[in-house]
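Chemist: Going down the list, the sequences are from chains Z and Y.
Residue numbering for the first sequence follows my numbering, beginning at 672 and increasing consecutively.
Residue numbering for the second sequence follows my numbering, beginning at 672 and increasing consecutively.
No residue lacks a Cβ here, since even glycine has one placed at the ideal position from N, Cα and C.
Note that the structure is predicted; figures quoted are calculated from it, not measured.
Just passing along the structure, written as structure tokens.
Number of protein chains: 2
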Amino acid sequence: MATYTISEISQMFHLPASTIRYYEKIGLLEHVEHINSYRRVYNESHIDRLNAIECFKKALLPLDEIKAFFTYEKDMEQNSEKILQMMKTQEVKTVERMKDLETGLAHLQKKIRFYTLVDEAVKHGTPLPNWDEL
Amino acid sequence: MATYTISEISQMFHLPASTIRYYEKIGLLEHVEHINSYRRVYNESHIDRLNAIECFKKALLPLDEIKAFFTYEKDMEQNSEKILQMMKTQEVKTVERMKDLETGLAHLQKKIRFYTLVDEAVKHGTPLPNWDEL
DNA sequence: ATACTACTTGAAGTTTACTTTAACTCAAGT
DNA sequence: ACTTGAGTTAAAGTAAACTTCAAGTAGTAT
């Protein structure tokens, strides 16, 4: 079975080693062997786990909920409803955050249009644009 | 000119009064009069400002950058390039965050499909679904 | 007059997700 | 033998954006 050092994992996921140790500390990464009782060794299961963490983080799930998910997942038959509930609740939140982001982005882009015109007006000495007419 | 108390503003923006005071403290809200030297009074200009803050927050601009924007905006002719740079930089970041959110959402939705099937399988005593076949 | 309510202050505390620090441990290379 | 490099630990520190606290004030209601 292929094994990896912490710096390999670090490069793989663009995460500092300290973060990977931190994830282990809070119980997000489990069963990390320490060879010679001091050096960490990772395998495919940790890579899978980190990929899942990455996805959940992108969906804005807080670390403690990601951890709870992995706990529930160990007995998915018992916990399928709980997991489903959790995922659906987060789906709503994620969709809301996407809507906010769209609103915010539109505002940013309006500012960009406006200040592009301001910049041009300043350079050519022409009158400044009107925000409300955009 | 219409004026508002802190609790009216609080309700208007769904922000606790403490947050509105905090924004004043860090310089995001300016020129807030304190009548009888103790009670805050807000007007339309503060409402405009808070609306702008809300939009920028949705675009994920940190408060110190929002503050910097308002400072630059006071002399937009001088600072149009700086503002434009700031908005464009943030636009890129916001778009990136939206992509992440989309990825995360897709992952969430796959989990929802999977655990819906798990839940059904458990209820009907049929075999569990396979994650990789979804 | 007293109580009540809405508001005030500065300072300290909270949360999340890390990051940094200091002192230490191996194993390998020169 | 010594240095170097990668890794280790527990504990403290950081950053952002608030939130809570304790003690106090001003205007209104009873």
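#1: How big is the Cα-Cα spacing for glutamate 715 (chain Z) and glutamate 744 (chain Z)?
#2: List, in order along the chain, the chain Y residues whose C-beta lies closer than 8 Å to that of valine 766 (chain Z)?
#3: Taking the alpha-carbon of glutamate 791 (chain Y) as reference, which of Z:Thr760, Z:Asn750 and Z:Pro800 has the nearest alpha-carbon?
#4: From Z:Ala730, Z:Pro798 and Z:Glu679, pick the residue whose C-alpha is nearest to that of valine 766 (chain Z); which is it?
#5: Starting from histidine 778 (chain Y), trace the alpha helix (DSSP H) in both directions and tell me its first and last residue.
#6: Are the beta-carbon atoms of tyrosine 786 (chain Z) and leucine 732 (chain Y) separated by less than 8 Å?
#7: Spatial neighbours of serine 678 (chain Y) within its chain, please: C-beta separation below 8 Å, excluding the five flanking residues on both sides.
#8: What does DSSP give as the partner residues of tyrosine 675 (chain Z) in its beta bridges?
#9: Where does methionine 672 (chain Z) land, buried or exposed, given buried means 16+ other C-beta within 10 angstroms?
#10: With DSSP as the reference, label isoleucine 697 (chain Z) as helix, strand or coil.
#11: For the alpha helix (DSSP H) that glutamate 736 (chain Z) lies in, which residues bound it at each end?
#12: Around the Cβ of tyrosine 713 (chain Z), are there at least 16 other Cβ atoms within 10 angstroms (buried) or fewer (exposed)?
#13: If you measure beta-carbon to beta-carbon, which residues of the segment 688 to 715 of chain Y are closer than 9 Å to chain Z?
Modeler: Taking the definition as stated:
#1: Translated into the one-based positions of the first sequence, residue 715 (chain Z) becomes position 44. Translated into the one-based positions of the first sequence, residue 744 (chain Z) becomes position 73. Each residue's Cα considered, the two are about 18 Å apart.
#2: Numbered from its first residue, the first sequence carries residue 766 (chain Z) at position 95. Those are Leu776, listed as they occur along chain Y.
#3: Counting from one through the second sequence, the residue named residue 791 (chain Y) turns up at place 120. Residue Z:Asn750 is the option with its Cα nearest to glutamate 791 (chain Y).
#4: Here the question's residue 766 (chain Z) lines up with position 95 in the first sequence. That would be Z:Ala730, whose Cα lies nearest to the Cα of valine 766 (chain Z).
#5: Counting from 1 along the second sequence, the entry for residue 778 (chain Y) is found at position 107. Its alpha helix (DSSP H) spans residues 747 to 795.
#6: By 1-based counting over the first sequence, the position of residue 786 (chain Z) is 115. By 1-based counting over the second sequence, the position of residue 732 (chain Y) is 61. Not in contact: tyrosine 786 (chain Z) and leucine 732 (chain Y) (Cβ atoms no closer than 8 Å).
#7: Position 7 of the second sequence, counted from the first residue, corresponds to residue 678 (chain Y). Cβ within range, chain order: Ala688.
#8: Translated into positions along the first sequence, residue 675 (chain Z) becomes position 4. Paired residues: Z:Tyr713.
#9: On the first sequence, residue 672 (chain Z) is found 1 positions in, with the first residue counted as 1. Exposed is the call here.
#10: Stepping through the first sequence from its first residue, residue 697 (chain Z) is reached at position 26. Here isoleucine 697 (chain Z) sits in coil by DSSP.
#11: Looking up residue 736 (chain Z) in the first sequence gives position 65. 734 to 744 is the span of the alpha helix (DSSP H), which, as asked, contains glutamate 736 (chain Z).
#12: By one-based count along the first sequence, residue 713 (chain Z) stands at place 42. Flag for tyrosine 713 (chain Z) reads buried.
#13: none
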